[in-house]
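What follows is one structure encoded as structure tokens, with my remarks underneath.
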Amino acid sequence: MHEEVIAILVLWTFIFIYSIFGSIDFGAGFWAMIYHEHRTSAGKIANRFLSPTWEITNVFLVLLVVAFVGFFPKGAFTLGTVLLIPVSLILFLLAIRSAFMVFSYSVQGYRKTMFFISGICGVLIPALLITVLPVSQGGFISGFNGRDVLLIGKLFTSPSLYMYILFGLTSELFLSSLFLADYSKVSKQEGAYRLYRGNALLLGPLTLVAAVVTLLVLPPEANWLIDNLSDQRIWFILSFLAFLAGYGSLWWRNRDMDTAGKPRLALLAIIAQYGFASYGYGMAHLPYIVYPGLTIYDAFTAKETFYSLMIMYAVGLAILTPGFYVFWRLFLKDKRYLQQE
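Just so we're aligned: the sequence shown equals residues 379 to 719 in the numbering used here.
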């Protein structure tokens with residue numbers, strides 16, 4: 379396997395991990411804003427998960443950015459140049475959100491503001507992040523005086539952009555609802571569990587419909603991608619089957635609760651669904667980073683840098699993995715923490 383292919387697989391793996399963790403993190407912030415004064419404990423559940431975990435999500439964002447800049451510097455330069463405004467807004471919103479997340483737990487007067495800021499950022503940041511996908515498919519970048527320029531007017535009048543945003547937001551809220559349903563069940567908060575399960579039941583089909591419509595409204599410049607996606611249809615068939623398994627498990631009866639559903643099984647199946655679809659989409663997108671002018675071979679770094687980065691990631695993950703395990707044991711598995719009032 380060529381170094382370029384290994385590098386893009388590593389990068390795509392980080393993108394997938396961050397998309398899952400980020401969806402749960404940002405979605406939890408949104409639900410915490412919506413339910414922080416709700417009569418059930420749904421808002422407390424979302425905030426209990428959010429309070430220790432948002433830093434972990436930022437770790438994967440750093441790994442993703444370093445991998446992109448390190449492995450494909452020309453690709454990072456091109457996308458960073460044409461998406462300067464969205465990237466700047468993302469960094470600004472992340473900084474604001476992180477600041478409020480830090481200080482709100484020591485200064486009680488900022489609690490309500492934190493819920494609002496976290497909730498709004500939980501919608502805006504994913505919407506800005508997903509603009510990379512339609513831009514990378516071609517038709518929205520033009521050369522001007524020797525440099526790439528984003529065709530902002532064409533982008534913002536394209537239905538494809540708004541369908542990608544809708545798909546991203548429904549996916550975020552669907553995944554976070556599934557996770558918080560499982561979190562509520564383990565915490566023995568049946569009222570919150572019913573609420574998040576109901577959200578997941580509503581959002582699941584909406585997400586599937588949004589994904590299909592997104593493909594139907596792709597611009598003519600993305601016909602190459604549609605053809606390649608049809609060649610990878612086996613992965614999307616597996617993705618749909620995983621969705622059926624995950625969504626169906628929300629209807630299974632429980633012995634310890636009056637409300638039906640196996641949310642952990644549902645969450646794992648839906649993550650598998652996104653994994654299959656993500657792999658199929660990534661394979662269909664190869665070898666392009668930005669169609670038609672930039673491929674993974676054009677944007678690849680020097681081989682010496684590639685091997686140095688691979689060693690750095692191997693050492694870094696070897697150090698971080700025990701920390702992630704301890705974090706999981708303390709905040710996502712310890713029933714004393716989960717069931718606190």
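Note that beta-carbon positions come from the ideal geometry of N, C-alpha and C, so glycine has one too.
DSSP beta-bridge partners of residue i
| i | result |
| --- | --- |
| Tyr666 | Thr673 |
Among the options, the one whose alpha carbon lies nearest that of residue i
| i | options | result |
| --- | --- | --- |
| Phe357 | Ser617, Ala410, Gly701 | The structure shown has nothing for residue 357, since the chain only spans 379 to 719. |
| Ile724 | Met688, Tyr703, Val668 | Residue 724 is absent from the model: the chain starts at 379 and stops at 719. |
| Met688 | Phe449, Trp629, Gly624 | Phe449 |
| Thr585 | Gln610, Val465, Tyr703, Thr548 | Thr548 |
| Gly531 | Val513, Ile543, Gly546 | Val513 |
| Arg575 | Ser466, Leu551, Thr592 | Leu551 |
| Gln651 | Ile612, His414, Pro464 | Ile612 |
| Val383 | Ala696, Ala600, Phe684 | Phe684 |
| Phe614 | Phe470, Ile648, His414, Ser555 | Ile648 |
| Ile402 | Ser686, Leu511, Leu558 | Leu558 |
| Ile498 | Val510, Gln515, Leu471 | Leu471 |
Collapsed DSSP secondary structure at residue i in the structure displayed
| i | result |
| --- | --- |
| Ile498 | helix |
| Ser520 | strand |
| Pro504 | helix |
| Gly601 | Looking at the sequence shown, residue 601 is not Gly but Asn. Asn601 falls in the helix class under three-state DSSP. |
| Arg631 | coil |
| Gln515 | coil |
| Glu550 | helix |
| Ser536 | coil |
| Thr683 | helix |
| Phe545 | helix |
| Ala638 | coil |
| Leu596 | coil |
| Glu415 | coil |
| Lys422 | helix |
| Lys566 | coil |
Chain-order list of residues whose beta-carbon lies under 7 Å from that of residue i (same chain, five-residue window excluded)
| i | result |
| --- | --- |
| Gln567 | Ser419, Ile423 |
| Val465 | Gly458 |
Close Cβ partners of residue i (< 8 Å) along its chain, the five nearest in sequence each way excluded
| i | result |
| --- | --- |
| Pro598 | Gly517 |
| Pro451 | Ala677, Thr679 |
| Leu389 | Leu442, Ala445, Phe446, Phe449, Phe450 |
| Leu533 | Thr509, Pro512, Val513, Phe518, Leu539 |
Residues of its chain near residue i, where Cβ-Cβ distance is below 6 Å and the 5 sequence neighbours each way are ignored
| i | result |
| --- | --- |
| Ala570 | Thr418, Ser419, Ala420, Ile423, Ser562 |
| Ser627 | Lys640, Leu643, Ala644 |
| Trp629 | Ala638 |
| Ser656 | Phe394 |
Inset, instruction - Run through the stretch 429-482 for me and flag every whole beta strand (DSSP E) of 3 or more residues, listed as ranges in chain order. - result: Counting only runs of 3 or more, we get nothing.
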